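In what follows, a structure is listed as structure tokens, so that the remarks can point back to it.
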Amino acid sequence: MIRVELAKLFRRPRTYVIAALLCALPFIVAVFLATTRIPPPPGQGGAFLSAVLSNGALYPAAAMALVLPVLLPVSVAVLAGDAVAGEASAGTLRYLLIRPVGRTRLLVAKLVSLVVFVLFAIATVLVTSYVTGLALFGAEADSTGVTLPADVTSLSGVTITPAGLAWRLLATVAYITVSMLGVAAIALFLSTVTDSALGAAMGALAVLVVSQVLVTLDAAAAVRPYLPTRYWLAWIDFFREPVLWRDIERGAALQLVYLVVLLGAAWANFMTRDVKN
Amino acid sequence: MIITRDLTKRYGPTTAVRGVDLEVREGDRYGLLGPNGSGKTTLIRMLLGLVFATRGEIEVLGLPVPRRVREVLPQVGALVEGPGMYPHLPGRTNLDLFDAAGPGGGRRDRRRRVDQALERVGLAGIDRRPVRAYSLGMRQRLGLAAALLRTPRLLILDEPTNGLDPRGIREIRDLLTELNDEGTTVLLSSHLLTEIEAFCSRVGVMDSGRLVLQDDLAALRAPTGRVVLHTPDADRVVALLDGRVEARDGDRLTVRHQAPDDLNAELVTAGVRVVELAGERRSLEQVVLEATTTSSDRVEGGTA
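Below, the structure is given as structure tokens:
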């Protein structure tokens, strides 16, 4: 069933359209930065954006910071919202279930295909932004390593090796995937509740927007540690020397809790639901 | 093949299916008749484990549903409320995916299975166009092909001829007859009397959630105890049979008489010329109309 889901994912043009959109955003930003050479003022704009002007090899990290807050969660919410509700409204859900595909197996396959989509999307963004970065900003002349930018690291001028950059990027991919799984779990749960793919995606996005607003609101400080988007940007800590693990660990643990609770709810709801269309 | 006992499904305050005792026997061509909204589709969905019953028991192929539905379904092919396909993919790819999704089908002979199914429903020459571009009839055939992928022992078809032209309907009926001769039990649901009458040997009639009638078609279409007679000597017959003629329409007479053969002998002995003589049988339509109340999609105004 997982194979079938993956075939469906990669035979669908929209998968590539979404990936292309995700790649387009860092590319557009890079073009503007490269032509004007105006870096965002310190403390504003996307992370790493001023650093990339001197070193294009850091652009993949900057690209992650660009797509993560809005574009990536939106695409995950849309796809995850469509996962079950879309099959229901297309009339294919009933035919899968009487094939028979177990309901649990179907949910697992959907989740796996969402993970694969996130990895695929991130990989395309990383590759295209790396190429863009090198082409538009050039690599640092110093070939021994990459200097971590001062606006991110507390210690300026720390140099990491290319291998160090590679594992940090990989860890970033893993962390972002886990964060996006949290989004996927919200949308997947809603997708088993309603037969409207749009409704499920909308619901998940509403949750994220509320969470984003509350994160910045001091009056909501009491609930802040439990908001799903609170630790989304914690992966930037991978680029500190030494790596600051506290927020990363908390963020991953929080997403796992959301994942377990919401997937459990999705499963319980889907197992007992009447499939009426 | 299928047995249900006191099967009931409630959706909130409305009861879609109430107390249905369905019995489909091995080798049957069972026709489930009933107006739109009479609960046919809900009943079929319960048989397939898609909808869970509020009360009652279901047994399909000797196993309880939904408890052991996963052992039952591989031997069942079904078409429920129109075919469901991925519109952006070609028909063949759709069948490939559905075949791969279910258990029991090796990858090696998938192509052969899909080809065979397409061949049976008359889509052997299908091209690479996406299903989106198919006509309603082609989609219906494709849905039927998907149901046939695993050469099922039991076929459950909900309105299978929807969207087909008369020739297509005939082809599907021939296909179902062929499958039934090979030993496949067929449960066919329809609101079209003619379709059921042309194919089925056993009929169940549903009306507002209840199975109001279930019997062999031959038994349902029992003689009415009347004989329809066509004769140029109508006046003589009226005089001869004296009071047993119930209705007259020109030279066509309806006579109350239990045995058409005796009546014929009687008339010929008397020298009456007979063009046509046949025992009257109840039409399925009459049977159904007697058993059902009102069309459920009819909304009556309040009584003033």
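Read top to bottom, the protein sequences are chains C and V.
Residues in the first sequence are numbered consecutively from 1, following my numbering.
Residues in the second sequence are numbered consecutively from 1001, following my numbering.
Glycine included, each C-beta is placed from N, C-alpha and C at the ideal position.
Since the model is a prediction, treat every value here as computed from it, not as a measurement.
Distance, residue j Cα to residue i Cα
{"i": "V:Asp-1249", "j": "V:Val-1287", "result": "24 angstroms"}
{"i": "V:Val-1203", "j": "C:Leu-262", "result": "46 angstroms"}
{"i": "V:Glu-1159", "j": "V:Asp-1242", "result": "49 angstroms"}
{"i": "C:Phe-340", "j": "C:Val-84", "result": "This structure gives no information on residue 340 of chain C, because the portion of chain C shown stretches from 1 to 277."}
{"i": "C:Leu-66", "j": "C:Pro-26", "result": "7 angstroms"}
{"i": "V:Glu-1195", "j": "V:Gly-1163", "result": "13 angstroms"}
{"i": "C:Ser-143", "j": "C:Thr-159", "result": "Low confidence applies to C:Ser-143: its pLDDT is 46, below 50, so where it sits in the model is not reliable, and the reading given next is rough at best. Between C:Ser-143 and C:Thr-159, the C-alpha separation is close to 11 angstroms."}
{"i": "C:Phe-32", "j": "C:Phe-137", "result": "12 angstroms"}
{"i": "C:Val-275", "j": "V:Val-1275", "result": "57 angstroms"}
{"i": "V:Val-1238", "j": "V:Thr-1224", "result": "20 angstroms"}
{"i": "V:Arg-1226", "j": "V:Asp-1261", "result": "12 angstroms"}
{"i": "V:Leu-1175", "j": "V:Pro-1064", "result": "29 angstroms"}
{"i": "C:Ala-171", "j": "C:Ala-24", "result": "23 angstroms"}
{"i": "V:Leu-1097", "j": "V:Leu-1149", "result": "11 angstroms"}
{"i": "C:Arg-94", "j": "V:Leu-1048", "result": "9 angstroms"}
{"i": "V:Gly-1012", "j": "V:Thr-1054", "result": "11 angstroms"}
{"i": "V:Met-1138", "j": "V:Arg-1167", "result": "13 angstroms"}
{"i": "V:Asp-1115", "j": "C:Lys-110", "result": "28 angstroms"}
Nearest to residue i (by Cα), restricted to the options the options
{"i": "V:Val-1228", "options": "V:Leu-1263, V:Ser-1208, V:Glu-1197", "result": "V:Leu-1263"}
{"i": "C:Ala-57", "options": "C:Arg-230, C:Glu-241, C:Ala-90, C:Leu-126", "result": "C:Leu-126"}
{"i": "V:Gly-1293", "options": "V:Asn-1036, V:Tyr-1011, V:Arg-1167", "result": "Inspection of the sequence shows that residue 1293 of chain V is occupied by Thr rather than by Gly. Taking only the C-alpha atoms, the option nearest V:Thr-1293 is V:Asn-1036."}
{"i": "C:Val-173", "options": "C:Ala-121, C:Lys-110, C:Leu-9", "result": "C:Ala-121"}
{"i": "C:Leu-79", "options": "C:Tyr-175, C:Leu-181, C:Val-275", "result": "C:Leu-181"}
{"i": "C:Leu-21", "options": "C:Asp-247, C:Met-202, C:Arg-37, C:Ala-63", "result": "C:Ala-63"}
{"i": "C:Val-282", "options": "C:Val-112, C:Ala-201, C:Thr-124", "result": "The requested residue 282 of chain C does not occur in the structure, where chain C is confined to residues 1 to 277."}
{"i": "V:Gly-1082", "options": "V:Thr-1041, V:Leu-1118, V:Pro-1066", "result": "V:Thr-1041"}
{"i": "V:Ala-1117", "options": "V:Ser-1201, V:Leu-1050, V:Ala-1234, V:Gly-1091", "result": "V:Gly-1091"}
{"i": "V:Leu-1277", "options": "V:Glu-1285, V:Val-1268, V:Ser-1283", "result": "V:Val-1268"}
{"i": "V:Val-1205", "options": "V:Thr-1008, V:Thr-1014, V:Gly-1031", "result": "V:Gly-1031"}
Close-in-space but distant-in-sequence residues of the same chain around residue i (CB under 7 angstroms, 5 per side omitted)
{"i": "C:Ser-154", "result": "With a pLDDT of 43 at C:Ser-154, under the threshold of 50, the modelled position of this residue cannot be trusted, and the question is left open."}
{"i": "C:Leu-244", "result": "Asp-237"}
{"i": "V:Pro-1130", "result": "Pro-1087, His-1088, Leu-1089, Pro-1090"}
{"i": "V:Arg-1107", "result": "none"}
{"i": "V:Ile-1044", "result": "Val-1080, Ile-1156, Asp-1158, Ser-1189"}
{"i": "V:Ser-1201", "result": "Asp-1028, Arg-1029, Asp-1216, Leu-1217"}
{"i": "C:Ala-220", "result": "Leu-214"}
{"i": "V:Gly-1077", "result": "Ala-1147, Leu-1148, Arg-1150, Pro-1152, Leu-1155"}
Proximal residues to residue i (C-beta, below 8 angstroms), its chain only, five neighbours per side dropped
{"i": "C:Leu-206", "result": "It is worth fixing the name first, because residue 206 of chain C is Ala in this sequence and not Leu. For C:Ala-206, where only same-chain residues beyond five positions count, there are no Cβ hits under 8 angstroms."}
{"i": "C:Arg-230", "result": "Ser-211, Val-215, Arg-224, Gly-251, Leu-254"}
{"i": "C:Tyr-175", "result": "Ala-234, Trp-235, Phe-238, Ile-248, Gly-251, Ala-252"}
Residue i and residue j closer than 8 angstroms at C-beta
{"i": "V:Asp-1006", "j": "V:Gly-1056", "result": "yes"}
{"i": "V:Thr-1210", "j": "V:Arg-1018", "result": "Checking the sequence, you will find Arg at residue 1210 of chain V rather than Thr. Cβ atoms of V:Arg-1210 and V:Arg-1018: closer than 8 angstroms."}
{"i": "V:Asp-1216", "j": "V:Thr-1231", "result": "no"}
{"i": "C:Val-76", "j": "C:Val-118", "result": "yes"}
{"i": "C:Val-101", "j": "V:Ala-1101", "result": "yes"}
{"i": "C:Pro-40", "j": "C:Leu-53", "result": "no"}
{"i": "V:Leu-1050", "j": "V:Ser-1190", "result": "no"}
{"i": "V:Gly-1027", "j": "V:Thr-1185", "result": "yes"}
{"i": "V:Arg-1221", "j": "V:Arg-1281", "result": "yes"}
{"i": "C:Gly-81", "j": "C:Ser-191", "result": "yes"}
Beta-carbon proximity list for residue i, same chain, < 6 angstroms, skipping 5 on both sides
{"i": "V:Ala-1304", "result": "Summary for V:Ala-1304: the model assigns pLDDT 47, below 50, so the residue's position carries little reliability; its value from the coordinates is reported in the next sentence. Result list for V:Ala-1304: empty, nothing under 6 angstroms."}
{"i": "V:Val-1245", "result": "Val-1238, Leu-1253, Val-1255"}
{"i": "V:Asp-1233", "result": "Val-1272, Arg-1273"}
{"i": "V:Val-1121", "result": "Arg-1141, Leu-1144, Ala-1145"}
Interface flag, residue i vs chain B, CB-CB below 8 angstroms
{"i": "V:Leu-1089", "result": "The structure shown contains no chain B; its protein chains are C and V."}
Give me the subset of the segment 1110-1143 of chain V whose CB atoms are less than 7 angstroms from a CB atom of chain C, sorted by chain position. none
Cβ-based contacts, 7 angstroms cut-off: residues of the segment 85-112 of chain C near chain V: Ala-90, Gly-91, Thr-92, Arg-94, Tyr-95, Leu-96, Leu-97, Ile-98, Arg-99, Pro-100, Val-101, Gly-102
Output, in sequence order along the chain, the residues in the segment 1254-1274 of chain V whose CB is closer than 9 angstroms to any CB in chain C. none
Give the residues from the segment 1143-1169 of chain V that approach chain C closer than 7 angstroms (Cβ to any Cβ), ordered along the chain. Ala-1146
Closer than 8 angstroms, Cβ to Cβ, to anything on chain C: give me those residues from the segment 1068-1086 of chain V, in chain order. Val-1069, Arg-1070, Leu-1073, Pro-1074, Val-1076, Ala-1078, Val-1080, Glu-1081, Gly-1082, Pro-1083, Gly-1084, Met-1085, Tyr-1086
Report the residues of the segment 1049-1070 of chain V with a CB closer than 9 angstroms to any CB of chain C, ordered along the chain. Gly-1049, Leu-1050, Val-1051, Phe-1052, Val-1069, Arg-1070
Selection of the segment 256-275 of chain C by Cβ proximity to chain V, strictly under 8 angstroms: Thr-272, Asp-274, Val-275
Quick one, which residues of the segment 1223-1249 of chain V are near chain C if we go by CB-CB under 9 angstroms, in chain order? none
Residues from the segment 4-27 of chain C in contact with chain V, defined by Cβ distance under 8 angstroms: Val-4, Ala-7, Lys-8, Arg-11, Arg-12, Pro-13
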